[in-house]
Structures are given as C-alpha cells and as structure tokens.
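Visitor: Structure below; questions to follow.
If you want it as structure tokens, here you go:
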C-alpha cells in the first residue's frame, strides 16, 4: 500500500512537472501573470509529491518491506538502522529519487527566495527546472521504478554491498547530489536568460550565490568521498583518477571556472556569453557524471546495475538536455553584447586566465576519462588511462594557475599596475624562497616534491599578502588595521579562506604523492615494523562478531621513542549474506601524517600479511578541503550575496569600506 | 590597446594554452596508455619489460601460493594459455581462485610482475576485459553485465 502511494506520488509529480515546464513559458511569452504564477505553485506541489515518494521508499527500507524489489535487492532485516536509512540512496533507483527530490528542493528555493526576481525570468527558470525533472522522472518511471513489486515476496533481502555499509554513505551521496543538482540552478538561469535574450549584472548577482552553494556542496561531497575511499578501501590512497572520481571532478572544475567568470559579469558586465556557456557546461558535466556511473560502461566500485534500456534512455536524455541547450546558446549567444572593456593585465584578465587554464585542465580530464571508452567503441582495443596520464597533463596546467592565483586577487579591475603588484609581493617571494629552501634541506628532494611545496607556499604567502594589503597591515596603526579586518566583506574572507585551503590541500597532496612509505610483510605474532619513527608490534588476531558480519581483528601496539601511544585494530570482515569480505584499515592521525595499517589474508593459520603505510601530511588534504568549504559558506553569508536578501535591506555595519576595499571584495 | 587587439590577445592566449594542453595530452598518451592483453595475446606478442600493460583472466584453481616476503604467486588463465603473476602486497578482498581479475604491471622473462591487482567488488561480476578475453579464446559460457550493487 505504501509502495503504491509512493508510485502514485511519482506519477503525480511527473504530471505536475510537465505542466510546470510548459505553462509558465507560455505565460512569460504572453505576459500572462496568472500563467507565470502557476510555476511557483506547481514547483511547490512537485516538491510535496516527491517528498511523499521519498518518505514512502524510506518507510519501505526501514520496515524491511521485501515485496518492493529495490528493498529486497539492497537491504536485509539484520542490517543496522543507520544503513537501512542511508541504504535508501545506496542503490540506483533510490539515489535517482534523491536526485529528483533535491532538484525539486532547489525549485522550491527559487519560489521562496525569488520574490524579487523579474516575474518572466522566474517563470522561465522554473519551467527549465521542471523540464529537467520531467526527464528524470520519465527515466525513473520507464526504466528504474523504485517501487516495483516482487511476487513471490522473498523471506529476506540480498543486503547492501558491505563496502557501502559505512557512515560515509549517509553523507557522501547527498552532499554530492546537492552539488550536482545545485548546478541545475545556474543552468536554468542560463537557459532562461538565453530565452529572454538578456544577461546583465543583476542576472549574475542571482546566479552567483546558487553556483557558490552548489560548488560548496560539491567540494564537500568530493572531499567526503575521497576520505571515505581512503579509510574504507584499505588501499592507502585518497584519489585514484578513477573514471567515477573524474566524473565528479569535471563538474567541479567547470563550476569553479563559472564561479570566477560570473564575478566578471556582475562587476564589469563582460564575459557574458562565456559565462552562459560555462553554466551549461557545468550542469552538463553533472548530468554526465550522474549517468556515467549508471550506463554500465565503467568498471568501478561505483557502478550500478546495468540495463541496456537504461543506457539508451540516458543517451537520449543527455542529447536532448546538452544538445538542446547548446543549440539555444548558438542561436542566442551572439546577441549578448558586453559593455565592459579591460586591459589584458587586470583583474578581469586574471580571471580570464583562470578560466582558460581550468577549461584546459577540464579538457584533459575529459579526454583521459572518455578516451578508453571511445577507443573501445571504435577499435575494440582495451586500454586504461591511469594516474600517470593525469599527473603528466593535469598537474602541469595547475602549476601556472596556482602561480597566478597568488597575484590575481591583487590586480585592479580594468587596468592593473603589474609592477606595483610585484613590488608588494617581494616579501611573499622571499618567504617562498626561504621556506622552500628549508623544505629542501629537511626532506632532501625529490625535485618535483620540493617544487610542489614551493607552489603551495607561494600561494599561501600571496593570499596572506593580499589580506595584509587590504587591511594595510603595518602601514597604518595596528588598531586601525584590525578595525579594517573586522569590516572586510565576508565575501573577501570567503575568497581568502578558499584560496588558502587550496594551498593547504596542495601541501598534503604533494607530500602524500612523493613521501609515502609502505611496508608489506608476512607477520608472525610479535613481529615488529619500524616506519617513520613509529614502532609497530603485531600482537595477533582474534575473531570478533559485528551486527551482521564476523571479523578477524588484529591488535597492533604503536610506540614512538619507547613511549606507548596506543593500539590499532585493523579488521578483515566477512558479510555472510553477500558472501563478501571487506578490509577495514586502522589509522592513527597526527598533523604530520597518518600511520595506516591493514591486514590481508592469513597464511597457514598463524601468519598474516600486514601492510603498514606512513602517509605524510594527509590530514592537510582534508583540512584544505574543509577550508575551501568554510570559505564557500562564509562567502554565502555575505550580506551582498545572501540568497534572496533584497538589496535594499543591505546596510553597512561597521566602518564603510573604501572604494578600493569594496572593489577587492571578490 | 584597441578592443580588437585586446580580443586578439585573449584568443592567442587561449589558443596557446589549448596547444600546450594538447601537447601534454598527446605526450602523456604515448607514454601512459596502458593496453590490455589476455594471456594468449601475451604469448603471441613480444612485450618488453619497459612497457606497462594490463593482463586479465581467471585465477587458476590451485595456483595461488605465498613465496615469502609478502609476495604471492599465481597463474592467470583465459582457459587456453596461462601466465604466471607475482605480486607483493594485499590482494583485493574478492581475490580468490577461479575469480576474474585484472593485473597491471610489467612482463619480464616469462613472469608478469604486477604492481596492482584489481578484482570487481562483487562476486558475480567478471571484469569486462576478462569477459572479452574469455570470449576471444572461445571459452565464454556466462552472461555479461550481471553486475549488481
């Protein structure tokens, strides 16, 4: 009964979405207010229907209703409650439902926060949002109905893949989807603007917070996924350039570029058609990312069940969404006339360079990810493209980006005084040289690692210089500087934190790429392993029992300089329902690095394969990601950007920023 | 600077960055494209130890043995030819005899020295490359695409 209710709500949502994608468009064309207003009502109605459907599926999972095929295939009565709930989106059908629910949530957000949007733009945005929803709902109802019934009803379910039975599942997919789907806002606004034939700074002021919100969620989602893979897979790594990882990284790159080019549209009324194109591209990559894992063309831990019918539908949906929006772009974009002119050396010029480098990097990731599929389809030759390819293409493109990133925020709009900026950066350059020298002396190479550190230090020093310049540190009395610091717009702090986060991230990523130490041995009880100053003693393995698995749990004593630091307990679990073993690594984290241990299969009963890593500075990777996310959040709370806050309400609090400070806010 | 020259400079900059990216991609493809071979293909072709390749097939029953130092040796078969593989480290959770795997590494003096061993995280699933290799050797009986998660 609950299942049918959910199914009915899905069908109802589809009809509401169809109405929403047509009527407001006609209304906007004719200037009919009541037809346009229907968009807001149907967006709310759609959200209610999808919430009912999602609640119904959640109920089915929680109550272990195995008459529903999705539940039977992905749940089990003995599964802990946390995984029953998060298991709702741990499968193809349920995750699609979550996707659409979030899409509808963003539609409602337009209704709630869009009170001061021009009515025609609002109607068109809601119509475009609804078109995306229609596509997804038809896909679900046609090929992936989450409420399909089973007859006869199985006694128990087939359980969730044990790798997914982790708290990470509760957070990683919803965050990622909030990011993916968040870009639909930029997309809808872009398509609506193309239909209207007009893009102005007000449009960019609308698009920016939504893009920033999506970017923040996507950053958090990718970082969470990376962290999850790091501790769950037991491979000691955090990023593998796996096609599915790339699928989430490509919209991030496009979104990052969009975030920066939208600034130019807002501030300077330039780069309009490019920004529209980026908005379309960012969401297109979100769609590709969502579907790449469902199309069956990838071999990956993320791959969902394969069904040729789905593949065709997916292809059709991508062609309509991406092809349609790009065609509209080709027709309408030439009308977008920029009024702002700028010299190549200027803030705008720096942001253009940022966009060019990010786009080129995006292109290399795209080629590396899809070339094997392409070659397989054309010649039948099977190849794989791994980390060495991306290290040789993506990384060299990031180096100039990071180098210029330290300079860009200090350039003035329109025309910048480059020698003046260089003069201000002399201290930062000195700091970089000295600190890099120290790193070289301390670590002794290799050269690429030291070079990578130099870029990170340069970026951090540049960010600090920019902040110090803004508050005129040491040039006016300290008290005045602090007052200025308190009065800086939050968007400025957001930028500073995010850029600093990137520097911190690079430190961790470079250190982990070059200075990781790994030891693999066959360990007897009492075996001692020395790594990075730690003394690890293997004290044997005992059998333990979990809620729905049995485990071999090892005990490892960790000591440094004779002092006992604690024990680590890596496990090898076996999940009887799915007949699947998993590896649970144990990690001891400090700011300097992670001691990471995993055990393998037993050899002749008493000896075990023991794998011990020291991964230096890995926590910096997470710290850098968190800084980027905090930067996004802080920037979103800026009163000027606050989602939906009418601009008239903005009133200065604290000292009024000077023109230079206000101009530097981004 | 006139608007025309300004636009030109942006275009030139954009094209040069794209050019650099294209050069990087082509160069990386030449060195880092990893080709897949079945054991039969491996026998038929001369492959030097300096090339990184992938080999896939089924782990032959009864062939897995520890040879000390955390190193394991096993044979991979496409049911027509076999190749001996050595690997040091933790094998994936679903590595077992009779299971389809893909190994990446180098082929030197008759042995495949694996740097990485991959198995699908699902007991029903055969890696796509392995299924293809089995089809080529005429030993294919299963069904493709039975992946589920």
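Protein chains in written order, with our numbering: chain W, 479 to 1144; chain E, 20 to 168. Cβ coordinates follow ideal geometry from the N, Cα and C atoms, glycine included. Just so you know, these numbers come straight off a predicted model, no measurement behind them.
Mark residue 578 of chain W as exposed unless 16 or more other C-beta atoms lie within 10 angstroms of its C-beta, in which case mark it buried.
Guide: That one is buried.
Visitor: Does any CB atom of chain E fall closer than 9 Å to the CB of residue 1009 of chain W?
Guide: no
Visitor: What is the rounded straight-line gap between the Cα of residue 1076 of chain W and the Cα of residue 78 of chain E?
Guide: 23 Å
Visitor: Spell out the partners DSSP gives residue 790 of chain W in its beta bridges.
Guide: Within the DSSP bridge table, the entry for residue 790 of chain W names no partner.
Visitor: Based on Cα-Cα distance, which residue from W:1005, W:504 and W:481 lies nearest to residue 532 of chain W?
Guide: W:481
Visitor: According to a CB-to-CB cut-off of less than 8 Å, which residues of the region 102-114 of chain E neighbour chain W?
Guide: 107, 108, 109, 110, 112 and 113
Visitor: Kindly give me the distance between the Cβ atoms of residue 539 of chain W and residue 549 of chain W, rounded to whole angstroms, as I take these residues to be in contact under 8 Å.
Guide: Approximately 6 Å separates the beta-carbon atoms of residue 539 of chain W and residue 549 of chain W; this is inside 8 Å, confirming the contact.
Visitor: Leaving out five residues before and five after residue 865 of chain W in sequence, what residues of the same chain have Cβ atoms less than 6 Å from its Cβ?
Guide: So the qualifying residues of the chain are 719.
Visitor: To the nearest angstrom, how far is the alpha carbon of residue 104 of chain E from that of residue 940 of chain W?
Guide: 50 Å
Visitor: Thinking just about the alpha-carbon of each residue, which of W:1090, W:1050, W:1084 and W:1082 is nearest to the one in residue 1065 of chain W?
Guide: W:1090
Visitor: Count the other CB atoms, across all protein chains shown, that sit within 10 Å of the CB of residue 1006 of chain W; report buried if there are 16 or more and exposed otherwise.
Guide: exposed
Visitor: With burial defined as no fewer than 16 other Cβ atoms inside 10 Å of the residue's Cβ, what is the status of residue 1042 of chain W: buried or exposed?
Guide: exposed
Visitor: Taking the straight line between their C-alpha atoms, what separation do you get for residue 875 of chain W and residue 604 of chain W?
Guide: 38 Å
Visitor: For the putative contact between residue 470 of chain W and residue 589 of chain W, defined by C-beta atoms under 8 Å, what is the C-beta separation to the nearest angstrom?
Guide: This structure gives no information on residue 470 of chain W, because the portion of chain W shown stretches from 479 to 1144.
Visitor: Is residue 580 of chain W near the ligand NAP, with its Cβ less than 8 Å from a heavy atom?
Guide: This structure simply doesn't include the ligand NAP, nor any ligand for that matter.
Visitor: So, helix, strand or coil for residue 1069 of chain W, using DSSP?
Guide: coil
Visitor: The alpha helix (DSSP H) spanning residue 659 of chain W covers which residue range?
Guide: 646-674
Visitor: List, in order along the chain, the chain E residues whose C-beta lies closer than 8 Å to that of residue 835 of chain W?
Guide: Those are 36, listed as they occur along chain E.
Visitor: Taking Cβ-Cβ distances below 8 Å as the criterion, which residues of the region 34-65 of chain E are in contact with chain W?
Guide: Listed by position along the chain: 36, 37, 39, 40, 43, 44, 46, 47, 48, 50, 51, 52, 53, 54 and 55.
Visitor: Answer with buried or exposed for residue 574 of chain W, where buried requires no fewer than 16 other C-beta atoms within 10 angstroms of its C-beta.
Guide: Residue 574 of chain W comes out buried.
Visitor: What is the residue span of the beta strand (DSSP E) that residue 1086 of chain W lies within?
Guide: Taken as a continuous stretch (DSSP letters only), the beta strand (DSSP E) holding residue 1086 of chain W covers 1085-1094.
Visitor: Can you find a CB in chain W that lies within less than 9 Å of the CB of residue 118 of chain E?
Guide: no
Visitor: On the CB-based measure, 16 or more other CB atoms within 10 Å of its CB, does residue 814 of chain W come out buried or exposed?
Guide: By the Cβ-count criterion, residue 814 of chain W is buried, with 16 or more other Cβ atoms from all chains shown falling within 10 Å of its own Cβ.
Visitor: Per DSSP, what kind of secondary structure is residue 750 of chain W in: helix, strand or coil?
Guide: helix
Visitor: For residue 129 of chain E, I'd like the list of residues in its chain whose CB is within less than 8 Å of its CB, leaving aside the five on either flank, ordered along the chain.
Guide: Here the set comprises 103.
Visitor: So residue 81 of chain E contacts chain W; which residues on that side make the cut at Cβ distance below 8 Å?
Guide: Within chain W, no residue comes near residue 81 of chain E; the closest Cβ sits about 16 Å away, beyond 8 Å.
Visitor: What's the C-alpha gap between residue 547 of chain W and residue 555 of chain W?
Guide: 14 Å
Visitor: So does the region 976-990 of chain W actually touch the region 929-938 of chain W, counting three or more Cβ pairs closer than 8 Å?
Guide: yes
Visitor: Determine whether the beta carbon atoms of residue 600 of chain W and residue 679 of chain W lie at a separation below 9 Å.
Guide: Cβ distance not < 9 Å, so residue 600 of chain W and residue 679 of chain W don't count as in contact.
Visitor: According to DSSP, simplified to helix, strand and coil, what is residue 1053 of chain W?
Guide: strand
Visitor: Could you pull out every residue in the same chain whose Cβ sits closer than 6 Å to the Cβ of residue 677 of chain W, ignoring the five residues on either side in sequence?
Guide: 671, 750 and 814
Visitor: Is residue 1151 of chain W close to chain E? Criterion is C-beta to C-beta, closer than 9 Å.
Guide: The requested residue 1151 of chain W is not part of the displayed model; chain W covers only 479 to 1144.
Visitor: If you run the structure through DSSP and keep just helix, strand and coil, what is residue 903 of chain W?
Guide: coil
Visitor: At the level of alpha carbons, what is the spacing between residue 910 of chain W and residue 643 of chain W?
Guide: 44 Å
Visitor: So within the region 875-921 of chain W, which uninterrupted alpha helix (DSSP H) runs reach at least 4 residues, ignoring any that extend past its ends?
Guide: 896-902 and 904-921
Visitor: Please list, in chain order, all residues of the same chain as residue 135 of chain E whose beta carbon is under 8 Å from its beta carbon, the five residues on each side excluded.
Guide: Taken in chain order, the residues that qualify are 122, 123 and 124.
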